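What follows is one structure encoded as structure tokens, with my remarks underneath.
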Amino acid sequence: MLFARHSSEREMGLRRSLLHAFIRSSSPAIMAVIAIIGFSLLLQTLGRELWPALTPWIGPLRMVAVALVVVWGTFRFIDASERLHLENGYDTTTANALSMLFKVITLVVVFLAVGQSFGMSLSGLLAFGGAGGLVVGFAAKDILANFFGGLMIFIDKPFKVGDWVSSPDRNIDGTVEHIGWRLTRILTFDNRPMYIPNSIFSSIGVVNPQRMKNRRILVNIGLRYEDAGRMAEVVDKVRAMLRAHPAIDQNDTLLVYFNQFGESSISFMVYCFTRTTSWEPWLAAQQDVYLKIVDIVHACGADFAFPSRTLYVEGTGAGLPLA
């Protein structure tokens, strides 16, 4: 109930802010339109006597000037609206996409309106746009592929600004800084910006670790062959330690089992998930688990194995250990 009330108050505050932004954005544009109309009427009045050849051009020029002012005022309001939505916690990627979309719609509507004012029919303009679109499509297919790739990112939302993403198909690994209509900018972990055409993302797999619910700890730990009799005790105590560990998620898979005979060691596997997904807290949790495993192994009278070889000399019946 409190959350619903808080959400409603936030929406009301955003609407009031949008109204104020509309007034601030449109006021200069309205004043400019009034000035353009007044100046054009003055020119029409004086032009009949002083510049009769200029008079037929005053109306179309006025229409173009008003259209430019309308575009300017609308863009101001769209930018202000985008800032307000971001300040109120809305998704950056969605806000940027909607801002660009409304700007494109504004330009198309104004272009059609100006074209009609010059005597061009709407059907003719649309036909011209269709033919022009085919020509542009052949000439700039890569640009259009990137545009539609960006559109798919905005619609499907495989990642957003601030997410850590990587790809098993390409050498991509870093944090998303910006998603544009043509390029996506990713900052790699060595602080180098990487610019990737959006069309690439339609043909590769993308891993978004930012959306994982838990982070995994997976390790194989080798003990000496002489500690085979202590393996069961070590495994049971490590499992009990993980069951009681505050950083380990008890609702996810937790496995500790003797799983391998190696050349110089017998190994057991530790497989579990931490509650946190952040890298540094995960490293701290993993370190604590490892240190506790060291203590358990030593407390059981066992020790860790290291690569070694035993040389058997024919005729002696004895083996000589070689490190």
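No gaps in the numbering here: position 318 of the sequence shown is 310 in the numbering used here, and each next residue is one more. By construction, the Cβ of each residue, glycine as well, lies at the ideal position given by its N, Cα and C atoms. Just so you know, these numbers come straight off a predicted model, no measurement behind them.
Item checked: Collapsed DSSP secondary structure at Met186 in the structure displayed -> Locating residue 186 in the sequence shown gives position 194, where the first residue counts as 1. Strand at Met186.
Item checked: Spatially closest choice to Ile135 from Val168, Ile192, Pro20, by CA coordinates -> For the purposes of this step, residue 135 is taken as the residue at position 143 of the sequence shown. Here the closest residue by C-alpha is Ile192.
Next item on the list: On a CA-only basis, which of Ala236, Val248, Arg54, Leu210 is nearest Val226? Give me that one, please.
Entry: In the sequence shown, the residue the question calls residue 226 occupies position 234. When the alpha-carbon of Val226 is set against those of Ala236, Val248, Arg54, Leu210, the nearest one is in Val248.
Note to self: If distances are taken between C-alpha atoms only, which option among Trp271, Leu11, Phe140, Phe253 comes closest to Ala220?
What the structure shows: Mapped onto the sequence shown, residue 220 falls at position 228. Comparing Cα-Cα distances from Ala220 to each of Trp271, Leu11, Phe140, Phe253, the minimum goes to Phe253.
Check: Among residues of its own chain, excluding the 5 on either side of Phe296, which ones have a beta-carbon nearer than 6 Å to its beta-carbon?
Finding: The sequence position of residue 296 within the sequence shown is 304, counting from 1. Cβ neighbours of Phe296 beyond the five flanking positions: none.
Note to self: With DSSP as the reference, identify every bridge partner of Ser158, one or two as the case may be.
What the structure shows: Here residue 158 corresponds to residue number 166 of the sequence shown, with the count starting at 1. Paired residue(s): Asp165, Val199.
Item checked: Backbone CA spacing between Trp173 and Val211 [nearest angstrom] -> One-based indexing of the sequence shown puts residue 173 at position 181. One-based indexing of the sequence shown puts residue 211 at position 219. For Trp173 and Val211, the gap between their C-alpha atoms comes out near 42 Å.
Check: Around the C-beta of Asn319, are 16 or more other C-beta atoms found within 10 angstroms, so that it is buried, or is it exposed?
Finding: An answer regarding residue 319 cannot be provided, because it is not within the stretch -7 to 315 covered by the chain.
Item checked: Residue burial classification, Val157 (beta-carbon count within 10 angstroms, cutoff 16) -> On the sequence shown, position 165 is the one that residue 157 refers to. Per the 10 Å Cβ criterion, buried.
Next item on the list: Assuming Phe69 and Ser9 form a contact by the criterion Cβ under 8 Å, report the distance between their Cβ atoms to the nearest whole angstrom.
Entry: Sequence index remark: in the sequence shown, residue 69 carries index 77 (1-based). Sequence index remark: in the sequence shown, residue 9 carries index 17 (1-based). Actually they are not in contact, since the Cβ atoms of Phe69 and Ser9 sit about 12 Å apart, beyond 8 Å.
Check: At what residue ranges does the region 249 to 279 contain a whole run of the beta strand (DSSP E), taking only runs of 3 or more?
Finding: For the beta strand (DSSP E) assignment, the uninterrupted runs of no fewer than 3 residues enclosed by the region 249 to 279 are, from N- to C-terminal side, 258 to 266.
Check: Got a sec? Which residues, its chain only, sit under 7 Å from Ala131 by beta carbon, not counting five neighbours each side?
Finding: Along the sequence shown, one-based indexing puts residue 131 at 139. Residue confidence is low: Ala131 scores 47 on pLDDT, short of 50, so the model does not pin down where it sits. Its coordinate-derived value is still stated next. Once the five neighbours on either side are set aside, Ala131 has no close Cβ partner at all.
Item checked: C-alpha gap between Ala317 and His170, whole angstroms -> Any answer about residue 317 is impossible in this case: the structure gives the chain only from -7 up to 315.
Check: For the candidate residues Ile164, Asn206, Gly197, whose alpha-carbon lies nearest to that of Tyr187?
Finding: If you number the sequence shown from 1, residue 187 lands on position 195. Comparing Cα positions, the closest option is Ile164.
Notebook entry, point to check: Where Ser32 and Ile178 are concerned, what is the direct C-alpha to C-alpha distance, given to the nearest angstrom?
Noted result: On the sequence shown, position 40 is the one that residue 32 refers to. On the sequence shown, position 186 is the one that residue 178 refers to. Taking the straight line joining both Cα atoms gives about 50 Å.
Margin query: Give me, in chain order, the residues of the same chain whose beta-carbon lies closer than 6 Å to that of Trp324; leave out the 5 immediate sequence neighbours on both sides.
Written below: A query on residue 324 cannot be resolved here, the shown segment of the chain reaching from -7 to 315 and no further.
Margin query: Taking 7 Å as the limit between beta carbons, can you name the residues of its chain near Arg222, skipping five residues before and five after?
Written below: Sequence index remark: in the sequence shown, residue 222 carries index 230 (1-based). Answer for Arg222: Cys292, Gly293, Ala294, listed in chain order.
Notebook entry, point to check: Can you find a CB in chain D that lies within less than 9 Å of the CB of Arg184?
Noted result: Here chain D cannot be found, since the structure has a single protein chain.
Check: What residues match up with Ile70 in a beta bridge as DSSP calls it?
Finding: The residue given as residue 70 occupies position 78 in the sequence shown. According to DSSP, residue pairing for Ile70 in a beta bridge does not occur.
Notebook entry, point to check: Among the residues of its own chain, which have a CB less than 8 Å from the CB of Arg7, if the five just before and after it don't count?
Noted result: Indexing the sequence shown from 1 puts residue 7 at position 15. Counting only residues of its own chain and dropping the five nearest sequence neighbours on each side, Arg7 has no CB closer than 8 Å to any other CB.
Notebook entry, point to check: So what's Arg208 in DSSP terms, helix, strand or just coil?
Noted result: Against the sequence shown, residue 208 aligns to sequence position 216. Three-state DSSP puts Arg208 in a strand.
Next item on the list: Use the C-beta contact count for His12: other C-beta atoms within 10 angstroms, 16 or more gives buried, fewer gives exposed.
Entry: On the sequence shown, residue 12 is found 20 positions in, with the first residue counted as 1. By the 10 Å Cβ count, His12 comes out exposed.
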